[in-house]
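**Q** Numbering (the numbering used here), first residue to last: -12 to 245.
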Amino acid sequence: MNITILGSGTSHGVPMIGCRCAVCTSSEPRNKRMRPSIVVKSEEGTILVDTTPELRFQALATGLDRVDAVLMTHTHADHIFGLDDLRRFNDLSGEEIPVYGTPTVLDDIRRIYNYIFMQTQLGGGKPRINLVELQPHFRLCGLEIDTFTVMHGTLPVQSYRFTDTTTGKSAAYVTDVNFIPSESMAKLYNLDLLILDAVRYHPHSTHFGLHQALEIVDILKPGQTLLTHLSHDFDHNRLCSETPDGVDPAYDGQNIVL
Ligand SMILES: [Zn+2]
Ligand SMILES: [Zn+2]
Ligand SMILES: [Zn+2]
């Protein structure tokens, strides 16, 4: 299993429009953060988690030329407003792309992207997607996937755990969260990699602050943790020096082989 961080930034991205802070004006490439997304590759296929407004740039930057399925976490703009860019992956594979989400997420997609589901222009120009209701446990592209709910303020968000049955390695993507219910915590033990939301130093009403994220890491003890959904509060190198061994900020384009 191979995971690439397509974007490690918060909803504004970093640099943030009109901000002249030290991080937003930094020349350190790892302080440049697009909206949050990952791609998970197995021997059998490529799974994209969320379709950010920067999906095109993320695909070009990382050489992503195949998407076999999309898993949605929730429908905030920073997670879904690149869905139309799936067209290019339809063209490349010649296949319709299944998009997995909860019934609420799928309803939101039908409403926000209503043109996709209407009889409109002929001759293409629209993504060809197939909305699939999430099951708690399923198999996709040769990976076992468990999905469970975390809380993002009052909004339930889907988290995903990927297990490669040939190697036994497993990784979880837990973003846009400020509270993990105990039944979901139970699904997050014995991870080789945890990718976890930490938006800034201080607590936030809908995201973990750094301290809360580190408390979760302390309980779960994953092999490795990457923090994501990072705002301009965090300078990459400074945060690397402040986090315990095995915990680091993610950065755009980062590749992890498990
Ligand atoms: Zn977000
Ligand atoms: Zn800034
Ligand atoms: Zn969100």
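Every residue gets a Cβ at the ideal spot worked out from N, C-alpha and C, and that includes glycine. Just so it is clear, the structure is predicted and the values come from calculations on it, not from any experiment.
For residue 176, does the three-state DSSP call read helix, strand or coil?
**A** Three-state DSSP puts residue 176 in coil, outside helix and strand.
**Q** Any contact between the segment 92 to 100 and the segment 176 to 196? By contact I mean 3 or more CB pairs, one from each, below 8 Å.
**A** Cβ pair count under 8 Å is below three, so no.
**Q** Please specify which runs of the beta strand (DSSP E), each continuous and at least 3 residues long, are wholly inside the segment 103 to 175, giving them in chain order.
**A** DSSP runs (the beta strand (DSSP E)) wholly in the segment 103 to 175: 116 to 120, 124 to 127, 130 to 139, 142 to 151, 157 to 161.
**Q** Helix, strand or coil: how does DSSP classify residue 49 here?
**A** Of the three classes helix, strand and coil, the one that applies to residue 49 here is helix, per DSSP.
**Q** To which residues of the same chain is residue 166 closer than 6 Å at the C-beta, ignoring the five residues directly before and after it?
**A** Result list for residue 166: 138, in chain order.
**Q** Using the C-alpha atoms, what's the distance from residue 140 back to residue 89?
**A** Whole-angstrom Cα-Cα distance: 18 Å.
**Q** I'd like to confirm something about residue 59: is its beta-carbon nearer than 7 Å to some heavy atom of ligand 2, or not?
**A** No; taking the cut-off as 7 Å, the Cβ of residue 59 has no heavy atom of ligand 2 nearer than that.
**Q** Take residue 219 as the anchor and find which of -9, -10, 4, -12 has the nearest alpha-carbon.
**A** Comparing Cα-Cα distances from residue 219 to each of -9, -10, 4, -12, the minimum goes to 4.
**Q** Do residue 57 and residue 84 have their CB atoms nearer than 8 Å?
**A** Contact: yes.
**Q** Please indicate yes or no: does the CB of residue 163 lie closer than 7 Å to some heavy atom of ligand 1?
**A** Correct: residue 163 has its Cβ closer than 7 Å to ligand 1.
**Q** Using only CA atoms, which one of 61, 241, 214 lies nearest to residue 231?
**A** Of the listed residues, the one whose Cα sits closest to residue 231 is 214.
**Q** Is the beta carbon of residue 184 less than 8 Å from the beta carbon of residue 63?
**A** For residue 184 and residue 63, no; Cβs fall outside 8 Å.
**Q** Smallest Cα separation from residue 53: which of 170, 33, 238, 143?
**A** Nearest option by C-alpha distance: 33.
**Q** For residue 6 and residue 126, what's the separation of their Cα atoms in angstroms?
**A** Taking the straight line from one Cα to the other gives about 43 Å.
**Q** When you compare only the Cα positions, how much space is there between residue 26 and residue 8?
**A** Their backbone Cα atoms lie some 30 Å apart in a straight line.
**Q** Under 6 Å Cβ to Cβ from residue 74, same chain only, skipping five residues before and after it: list those, please.
**A** Here the set comprises 114.
**Q** Could you give the C-beta distance for residue 201 and residue 234, rounded to a whole number, given that I count them as a contact under 8 Å?
**A** Indeed, because the Cβ distance is near 7 Å, the residues count as touching under 8 Å.
**Q** Using CA coordinates, which residue listed in -12, 15, 41, -8 is at the minimum distance from residue -2?
**A** Among -12, 15, 41, -8, the Cα nearest to that of residue -2 is on 41.
**Q** Span of the alpha helix (DSSP H) holding residue 92?
**A** 90 to 99 is the extent of the alpha helix (DSSP H) around residue 92.
**Q** For ligand 2, any of its heavy atoms closer than 7 Å to the Cβ of residue 11?
**A** Yes, ligand 2 has a heavy atom inside 7 Å of this Cβ.
**Q** Going by Cα to Cα distance, which pick from 100, 107, 123 is closest to residue 117?
**A** The candidate whose alpha carbon is nearest that of residue 117 is 100.
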